[in-house]
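Heads up: take any position in the sequence shown, counting from 1, add 5, and you land on this note's numbering. Note that CB positions come from ideal geometry on N, CA and C, so glycine has one too.
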Amino acid sequence: IHLSARQYSVNHSLTMTVFDKDNVSSDDSMGEVAIKLGDLASKSVKEEMWHKVQNTSSCSNASGELHLKVSLVLRRPMCLSRGNKVELTCGRLLVGLGWPVLAGNRPVDLD
Numbered sequence: 006i007h008l009s010a011r012q013y014s015v016n017h018s019l020t021m022t023v024f025d026k027d028n029v030s031s032d033d034s035m036g037e038v039a040i041k042l043g044d045l046a047s048k049s050v051k052e053e054m055w056h057k058v059q060n061t062s063s064c065s066n067a068s069g070e071l072h073l074k075v076s077l078v079l080r081r082p083m084c085l086s087r088g089n090k091v092e093l094t095c096g097r098l099l100v101g102l103g104w105p106v107l108a109g110n111r112p113v114d115l116d
């Protein structure tokens, strides 16, 4: 899942809903697991662990656990000009190339 910085909030949750599989009728919700993005960012939730399945509005007797491996990577895009410096505090640097889009939202032809 990719979220832009404008969409991200520590109060938002990543929710996984568990369904059964019915061949004759519609699938039924068996519960859900919700993880707050803020808990992932602060590492108060381990990246890989078992989560208790909780009741939902359509399932009042949820039981069991769901094993999930989830991580949250926060990235801050920046533009640098020649001579500018930025201190790296995380030990990793990801580099992407960008250029302006042509008029009419046409992509740039690189060949």
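Limits of the unbroken alpha helix (DSSP H) element including residue i
i          : result
residue 43 : 42-46
For residue i, the residue or residues it bridges with in DSSP
i          : result
residue 35 : Paired residue(s): none; residue 35 is not in a bridge.
residue 94 : Looking at the DSSP assignment, residue 94 forms no beta bridge with any residue, so it has no partner.
residue 64 : 61
Range covered by the beta strand (DSSP E) that runs through residue i
i          : result
residue 57 : 53-57
residue 72 : 70-74
residue 23 : 18-24
Distance between beta carbons of residue j and residue i, contact taken as under 8 Å
i          : j          : result
residue 15 : residue 41 : 7 Å
residue 58 : residue 23 : 6 Å
Taking 8 Å as the threshold, find out whether the stretch 21-39 comes into contact with the stretch 68-80 through three or more Cβ pairs.
For the pair of segments examined, the stretch 21-39 was found to touch the stretch 68-80: the number of CB pairs separated by less than 8 Å reaches three.
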